[in-house]
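In what follows, a single structure is set out as structure tokens and then discussed.
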Amino acid sequence: MTKNYIVENLKKQIEKFKDEVKAEKVGHVIEVFDGIAKISGLSDIKASEMVSFPNGERGVALNLEEDSVGVIILGDFSKIHEGDEVKATGQILSVPVSDLQIGRVLNALGMPIDGKGAIKTDKSNPIEKVAPGVITRLSVNQAVQTGIKAIDALIPIGRGQRELIIGDRQTGKTAIAIDAILNQKGQDMICVYVSIGQKDSKLRKLQTRLEEGGAMDYTIIVSAGSSESAALSYIAPYTGVSIAEYFMDQGRDVLIIYDDLSKHAVAYREISLLLRRPPGREAFPGDVFYLHSRLLERACRRNKEYGGGSITALPIIETQSGDVSAYIPTNVISITDGQIFLETDLFYKGIRPAVNVGLSVSRVGSSAQIKAMKKVSGTLKLDLAQFRELEAFAQFGSDLDEGTKNQLERGKRAVEMLKQPQYAPVKTEDQVVALYALTKGHMDDIAVDKIKSFEEGLVDYARRNAKTFYKEVTTEKMWTDVGEQELIKVIGEFKGGFNK
Amino acid sequence: MATISIKNLAHAIYESSCGKDGAELDRVVQNTIHLISQKHLMNKSKEILASLEKIIDKNEEIVRATISSRVKLEKKIINEIEDFIKKRYKAKNTVLEFKIDEKLLGGIKIEIGDEIIDTTLKSKIHKLENYLITQ
């Protein structure tokens, strides 16, 4: 019975098959090396058009020369031989997009690699798309809560913003990105994590971590591993943003992380040099700025008339021994709307996340902060700036006047408060309570090493006792005198108990 | 010394030799060879020749086609193909090259420049295979 069924089914499908004979433009492989193929013929090919090789591999035409075409091969190039017939497909490279991709790990072409089976979809998005225009955009005025106190208070990120995370190796760049993803639980945000040239073991660890935190329910991982060809590393971020755009088109908010763009630039440099494009500074090709600007420009917040939704981008750049004036870091700094600067020194001093508050900025995020947070974080920045200035100065002598001493003490407490372990995001309203207590001087008489336990206890106590305040801050996003009075009272009560 | 592109050189040879014959043509050929050796382009002679061939084909409206089939084609079919090519490419003359390839199973395959018209059984089966896989 099953045999007949299969035969019948096959017959039906074959009947449906229609074959059209048409003239096709073909070319022949002249040479193939290191993931690059030079092809003769293909006279009508467009720039960045997809071509197909006889063994089913695909390629993208990047160099259109007088009588040859330079193609990058997406995938295995060891089975492509000289003289092979290459067909132009007439399509720009596109990747499949679907709601079913959520929770999955995909390769740079959008195909699942997590062994959970194929994703059936008939929709696809081209990987290169012009960024939304001025008319369709809306200014950034809604926050992305990362759950990291130092960032939410001092370097706030808004939906549709592009905030660079920059720092040396081993300074916790990925950790910030992962914490941000973990904190999006229940915030109606889709997260896309694009891993470019990372170790597969690191990716696996990260995936497990996200699964444990329940974050894979709203996260898609796009990965081009370090063992894959440079061509795949090159297209992976574009694949990621195309998938992100699919969700933005549904009016949803998306957070996309590119980890990291320095490896992306290196992959592009490799391709460009192999294609014999002239090298420029640090041997990068001339269009390496455009490479990143066209990618990051696709992060945006769209207005209601154009469907709403947003893409917030957190690109990551790895610097070499703190050198932010290298080519790629300066490029990406100038493209993005601010940067979170992480430092090795701070990291080893135990200040984690190792955010250098002085050098980090957010150019548009402050308008996205909620009122309560703005209220408490305004003076915090000033406190920290003064503390840094005095800290260096105070090392010379111990004879300090009362005012200076107070500022130093306040600064120490602020630094202590901004320390936060990994995978422990703090809710915005809890951040507000703790920071309020700090900036209004309620913690000045608490010993520095007790700050952490004081903060924890206070937040817990306030949650139970400052109901009006919490309601105002969380649901109504307001800051009133009534709420503030209640908070002051609650802090006083808790402090009484804590000191005993 | 400005470099001369092979295409330009081929063009120059065509222009200077066009419509000439006898002793005049001999002189042109001699001069051409002299120029090529002077400019150290002897090792590129194959490419120059290929380029020249293309230019001649274009100007004289000649279309070169390679036709592959499993069996030797009949005269009638060949004439039909020739007419088709002349009409499609608006050519005056055609130069046809025939190939026998058993692997094609059936049908014919016409290659003109970088264009291919493939009506062979082999490609049809291949397409059907792809169709069934994607379904």
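First to last, the sequence lines map onto chains G and W. Heads up: the first sequence begins at 1473 in this note's numbering, then just goes up one per residue. Heads up: the second sequence begins at 192 in this note's numbering, then just goes up one per residue. Glycine included, every Cβ here is placed at the ideal spot set by N, Cα and C.
Checklist line | Straight-line gap, G/V1904 to G/V1523 (C-alpha atoms, nearest Å) | finding: Counting from one through the first sequence, the residue named residue 1904 of chain G turns up at place 432. Counting from one through the first sequence, the residue named residue 1523 of chain G turns up at place 51. Across the structure, G/V1904 and G/V1523 are spaced so that their CA atoms are roughly 55 angstroms apart.
Checklist line | In DSSP terms, what G/M1661 is bridged to | finding: Reading the first sequence from its first residue, position 189 is the one you call residue 1661 of chain G. Looking at the DSSP output, G/M1661 bridges to G/D1725.
Next item on the list: Could you name the residues of the same chain whose beta carbon sits closer than 6 angstroms to that of G/A1652, not counting the 5 residues immediately before and after it, in chain order?
Entry: On the first sequence, residue 1652 of chain G is found 180 positions in, with the first residue counted as 1. Residues T1618 of the same chain have their beta carbon placed closer than 6 angstroms to that of G/A1652, with the five preceding and five following residues left out of the count.
Check: Can you tell me where the alpha helix (DSSP H) with G/E1874 in it begins and where it stops?
Finding: Against the first sequence, residue 1874 of chain G aligns to sequence position 402. Taken as a continuous stretch (DSSP letters only), the alpha helix (DSSP H) holding G/E1874 covers 1874-1890.
Checklist line | Cβ-based contacts, 7 angstroms cut-off: residues of the region 1513-1538 of chain G near chain W | finding: G1513, L1514, S1515: these are the residues of the region 1513-1538 of chain G whose beta carbon lies less than 7 angstroms from some beta carbon of chain W, given in chain order.
Notebook entry, point to check: Nearest chain W C-beta to G/D1491 closer than 7 angstroms, yes or no?
Noted result: Here the question's residue 1491 of chain G lines up with position 19 in the first sequence. True, the Cβ-Cβ gap to chain W drops below 7 angstroms.
Next item on the list: Check whether the Cβ atoms of G/I1715 and G/H1764 lie closer than 7 angstroms to each other.
Entry: On the first sequence, position 243 is the one that residue 1715 of chain G refers to. On the first sequence, position 292 is the one that residue 1764 of chain G refers to. Not closer than 7 angstroms, so no.
Notebook entry, point to check: Which residue spans inside the region 1886-1941 of chain G form an unbroken alpha helix (DSSP H) run of at least 4?
Noted result: Listed in chain order, they are 1900-1911, 1923-1937.
Notebook entry, point to check: Name the chain W residues whose beta carbon is nearer than 7 angstroms to that of G/A1590?
Noted result: Reading the first sequence from its first residue, position 118 is the one you call residue 1590 of chain G. For a Cβ distance threshold of 7 angstroms, nothing in chain W lies close to G/A1590: the least Cβ distance comes to about 11 angstroms.
Notebook entry, point to check: Using a Cβ-Cβ cut-off of 8 angstroms (strictly less than) and excluding sequence neighbours within five positions of G/R1749, which residues of its own chain qualify?
Noted result: As a first step, residue 1749 of chain G is located in the first sequence; it is residue number 277 there, counting from the start. Within its own chain, the residues whose Cβ lies closer than 8 angstroms to the Cβ of G/R1749, once the five positions on either side in sequence are excluded, are N1535, P1757, G1758, listed in chain order.
Note to self: Here's the rule I'm using: 16 or more other beta-carbon atoms within 10 Å means buried, otherwise exposed. How should W/T325 be labelled?
What the structure shows: The sequence position of residue 325 of chain W within the second sequence is 134, counting from 1. By the 10 Å Cβ count, W/T325 comes out exposed.
Note to self: Using the three-state DSSP reduction, which class does G/E1815 fall into: helix, strand or coil?
What the structure shows: Residue 1815 of chain G sits at position 343 when you count from the first residue of the first sequence. If DSSP states are grouped into helix, strand and coil, G/E1815 belongs with coil.
Next item on the list: Kindly list, in the order they appear in chain G, the residues whose Cβ is closer than 8 angstroms to that of W/E306.
Entry: As a position in the second sequence, residue 306 of chain W is number 115, starting the count at 1. A1495, E1496, K1497, V1498, listed in chain order.
Check: Which two residues bound the contiguous beta strand (DSSP E) that contains W/N222?
Finding: One-based indexing of the second sequence puts residue 222 of chain W at position 31. Counting along the chain, W/N222 falls outside any beta strand (DSSP E), though it belongs to the alpha helix (DSSP H) covering 213-229.
Next item on the list: Can you give me the start and stop residues for the alpha helix (DSSP H) that G/I1591 sits inside?
Entry: As a working note, residue 1591 of chain G is residue 119 in the first sequence. The continuous stretches of alpha helix (DSSP H) do not include G/I1591, and DSSP gives it neither H nor E.
Checklist line | Pairwise C-alpha distance: G/D1624 and G/G1883 | finding: As a position in the first sequence, residue 1883 of chain G is number 411, starting the count at 1. As a position in the first sequence, residue 1624 of chain G is number 152, starting the count at 1. Taken atom to atom, the span from the alpha-carbon of G/G1883 to that of G/D1624 is near 18 angstroms.
Margin query: Please state whether the Cβ-Cβ distance between G/S1520 and G/S1540 is less than 7 angstroms.
Written below: Here residue 1520 of chain G refers to the residue found at position 48 of the first sequence. Here residue 1540 of chain G refers to the residue found at position 68 of the first sequence. Not a contact, by the Cβ cut-off of 7 angstroms.
Notebook entry, point to check: Any idea which residues DSSP pairs G/L1636 with across the strands?
Noted result: Here residue 1636 of chain G is taken as the residue at index 164 of the first sequence, counted from 1. Under DSSP, G/L1636 shares a beta bridge with G/Q1811.
Check: DSSP on G/N1527, reduced to helix/strand/coil?
Finding: Walking along the first sequence from the start, residue 1527 of chain G turns up at place 55. It is coil, neither helix nor strand.
Margin query: Taking 7 angstroms as the threshold (beta carbon to beta carbon), is W/L312 in contact with chain G?
Written below: As a first step, residue 312 of chain W is located in the second sequence; it is residue number 121 there, counting from the start. No, W/L312 lies away from the interface with chain G (no Cβ there is under 7 angstroms from its Cβ).
Check: Can G/L1636 and G/R1773 be called in contact, C-beta distance under 7 angstroms?
Finding: To locate residue 1636 of chain G, count along the first sequence from 1; it is residue 164. To locate residue 1773 of chain G, count along the first sequence from 1; it is residue 301. Result no, Cβ atoms of G/L1636 and G/R1773 do not sit closer than 7 angstroms.
Checklist line | beta strand (DSSP E) segment containing W/T310, residue limits | finding: As a working note, residue 310 of chain W is residue 119 in the second sequence. Under the DSSP assignment, W/T310 falls outside any beta strand (DSSP E); it carries neither an H nor an E label.
Item checked: Continuous alpha helix (DSSP H) assignments of at least 4 residues falling wholly in the region 1688-1771 of chain G -> Those alpha helix (DSSP H) runs which fall completely within the region 1688-1771 of chain G and span 4+ residues are 1702-1720, 1733-1746, 1760-1768.
Next item on the list: With 7 angstroms as the threshold, decide whether the Cβ of W/L319 is near any Cβ in chain G.
Entry: Translated into the one-based positions of the second sequence, residue 319 of chain W becomes position 128. Chain G contact via Cβ: present.
Next item on the list: Between the Cα of W/H202 and those of W/I246, W/I195, W/I224, W/L216, spot the shortest distance and give me the residue it belongs to.
Entry: Numbered from its first residue, the second sequence carries residue 202 of chain W at position 11. Taking only the C-alpha atoms, the option nearest W/H202 is W/I246.
Next item on the list: On the DSSP bridge assignment, give the partners of W/R255 in chain order.
Entry: For the purposes of this step, residue 255 of chain W is identified with residue 64 of the second sequence, where counting begins at 1. When beta bridges are read from the DSSP output, W/R255 appears opposite W/V286.
Item checked: Buried or exposed by the 16-neighbour rule on C-beta atoms within 10 Å, applied to W/L216 -> Taking the second sequence and counting its residues from 1, the one referred to as residue 216 of chain W is at position 25. It counts as exposed.
Check: Under the three-state reduction of DSSP, which class applies to W/K300: helix, strand or coil?
Finding: Start at 1 with the first residue of the second sequence, and residue 300 of chain W comes out as number 109. W/K300: strand per DSSP, three-state reduction.
Margin query: Check for me: the beta strand (DSSP E) holding G/A1495 runs from which residue to which?
Written below: Working through the first sequence from its first residue, we reach residue 1495 of chain G at position 23. Looking at the DSSP string, the run of the beta strand (DSSP E) that includes G/A1495 is 1495-1505.
Check: Can you tell me the Cα-Cα spacing of G/T1911 and G/K1853, whole angstroms?
Finding: Within the first sequence, numbered from 1, the residue matching residue 1911 of chain G stands at position 439. Within the first sequence, numbered from 1, the residue matching residue 1853 of chain G stands at position 381. Going from the Cα of G/T1911 to the Cα of G/K1853 covers about 10 angstroms.
Notebook entry, point to check: With respect to the alpha helix (DSSP H) encompassing G/I1653, which residues constitute its N-terminal and C-terminal limits?
Noted result: Position 181 of the first sequence holds residue 1653 of chain G. Where G/I1653 is concerned, the enclosing alpha helix (DSSP H) starts and stops at 1645-1654.
Next item on the list: Return the CA-CA distance between G/E1888 and G/V1920, expressed in angstroms with no decimal places.
Entry: Here the question's residue 1888 of chain G lines up with position 416 in the first sequence. Here the question's residue 1920 of chain G lines up with position 448 in the first sequence. Rounded to the nearest angstrom, the two C-alpha atoms are 7 angstroms apart.
Margin query: If contact is defined by three or more beta carbon pairs under 8 angstroms, each pair taking one atom from either stretch, is the region 1814-1829 of chain G in contact with the region 1626-1644 of chain G?
Written below: Yes: the two stretches touch, three or more of their Cβ pairs being nearer than 8 angstroms.
Notebook entry, point to check: G/I1629 and G/G1837: beta carbons closer than 7 angstroms?
Noted result: One-based indexing of the first sequence puts residue 1629 of chain G at position 157. One-based indexing of the first sequence puts residue 1837 of chain G at position 365. Taking 7 angstroms as the Cβ cut-off, G/I1629 and G/G1837 qualify as a contacting pair.
Next item on the list: Assign G/Q1841 to buried or exposed, taking buried as 16 or more other Cβ atoms, counted over all protein chains shown, within 10 Å of its Cβ.
Entry: Within the first sequence, the letter at position 369 stands for residue 1841 of chain G. Buried: at least 16 other Cβ atoms inside 10 Å.
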